[in-house]
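These notes are about the structure you will find just below.
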Amino acid sequence: MNPTISMIMFSSLATGTIITMTSYHWLLAWIGLEINTLSIIPIISTTHHPRSTEAATKYFLTQAAASALILFSSMVNAWETGTWDITQLSSMPSHVLLTAALAMKLGLVPMHFWLPEVLQGSTLMTALIITTWQKLAPMTLIYLTINSLSTTILLLMGLTSTIIAGWAGLNQTQTRKIMAYSSIAHLGWMIAISSIMVNLMVMNLMIYLIMTTALFQALMFSKSKTIQDTTTTWALSPVISTVTMTLLLSLGGLPPLTGFMPKWLILEELVSQNLIPTATVMALSALLSLFFYLRLTYTTTLTLSPNTTSTKFKWRLKLNQPTPLMLVTATISTLLLPLTPLMLL
């Protein structure tokens, strides 16, 4: 892509999200979402391949439908209450429409089918943007309207998202599809706790964004598109291989890594609210997700690809890409657990 066009697209992408995040008027929030959607379509279809065109089309159709639902929801609310304020959502049909629209925007079960397909048709860089930056605007809308949304529906959505994402991710061989189901499962945890303790949702979102960014950076460094590709990571860089292992285990939620913190706090909060069956099912569904993370860990660190050459390592004449972002995000993704008490204040 031409650098000028690329700059326009990325700045529009950022502007759209920021407009939505800072607005209190439904129309402004909707305009931000539309700018955001229209600017990422060319970014998805940059590779000029049928798969990327298909991914861009699927993304556009789902996001356009979700935006239309958000607009319809706000219009119904304005018709009944006479206000366009995001925080004053008091009409019952508006609640239902908005919940469905935001679930479609985020890729929550049962509106999750587009996410793995879109990620599979785009590059790793675009997949990183879709799974991190693109979640900010809908999550902000959830944060602003959480007092009006139905706790039962959100808990049910969160629960089904964690179970189905765990199950669906088990038989995947493509790293991007695995990351898509990982994203759905993490969002399920966030949505489940959102109506009970919104601060935990924000903390979980921040940790999820950092961990996902770090892992995508590692996958981009090793150019791993399938599970089979990850076997070459050790030959490329033993350090990156070890870092990828800790990142995967952190995403799986194993102590003493950062990823354990949100799961631990969410389960603790659910139990204190006497939602013990929900907490039990979510903890068990985390085991399903942990299985495919462990499978990736196994191929990355304990499996070497067949080599015809006598040398163990690839020649690295020049560095593939700069790694400071990966250094920072990987460090936070693994070593943040001891700071839990500070983050709770």
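0 is the number of the first residue of the sequence shown in numbering that gives the first Met the number 0; add one for each residue after it. Each residue gets a CB set at the ideal place from its N, CA and C atoms; glycine is no exception. Note that the structure is a prediction, hence the values are computed from the model and not measured.
Cut-off 8 Å between Cβ atoms - residues of its own chain near residue i, not counting five sequence neighbours on either side
{"i": "A77", "result": "W25 and W83"}
{"i": "T212", "result": "L127, T131, L324 and T328"}
{"i": "L246", "result": "M210, A213, L214, A217, A329, S332 and T333"}
{"i": "L235", "result": "F220, S221, F312, K313 and R315"}
{"i": "L68", "result": "L96, L97, A99, A100 and M103"}
Cβ neighbours of residue i in the same chain (closer than 7 Å, five flanking residues each side left out)
{"i": "V270", "result": "A278"}
{"i": "T80", "result": "Q87, S89 and S90"}
{"i": "V197", "result": "Y142 and I145"}
{"i": "M189", "result": "M200, N203 and L204"}
{"i": "T46", "result": "T122"}
{"i": "L253", "result": "F259"}
{"i": "A64", "result": "M103"}
{"i": "G157", "result": "G187, W188, I190 and A191"}
Residue i vs residue j beta-carbon contact at 9 Å
{"i": "L135", "j": "A126", "result": "no"}
{"i": "A191", "j": "L153", "result": "yes"}
{"i": "M8", "j": "S38", "result": "yes"}
{"i": "T161", "j": "A184", "result": "yes"}
{"i": "T231", "j": "T296", "result": "no"}
{"i": "G106", "j": "L186", "result": "yes"}
{"i": "I177", "j": "Q171", "result": "yes"}
{"i": "W29", "j": "S66", "result": "yes"}
{"i": "T241", "j": "S249", "result": "no"}
{"i": "S288", "j": "S181", "result": "yes"}
{"i": "I239", "j": "R294", "result": "no"}
Beta-carbon contacts of residue i that lie in its chain and below 6 Å, excluding the five residues immediately before and after
{"i": "P92", "result": "V75"}
{"i": "M20", "result": "T139"}
{"i": "S304", "result": "T230 and T231"}
Exposure label - residue i; buried when at least 16 CB within 10 Å
{"i": "P137", "result": "buried"}
{"i": "F291", "result": "buried"}
{"i": "M0", "result": "exposed"}
{"i": "K313", "result": "exposed"}
{"i": "S44", "result": "buried"}
{"i": "N35", "result": "buried"}
{"i": "S73", "result": "buried"}
One or two residues paired with residue i in a DSSP bridge
{"i": "D84", "result": "H24"}
{"i": "Q173", "result": "T225"}
Any chain B beta carbon closer than 9 Å to residue i
{"i": "T322", "result": "The structure shown contains no chain B; it is built from a single protein chain."}
Entirely within the region 52-106 and at least 4 residues each: give me those alpha helix (DSSP H) ranges in chain order. 91-105
Pick out the complete alpha helix (DSSP H) segments inside the region 120-180, 4 residues or longer, and give them in chain order. 123-130, 135-144 and 150-167
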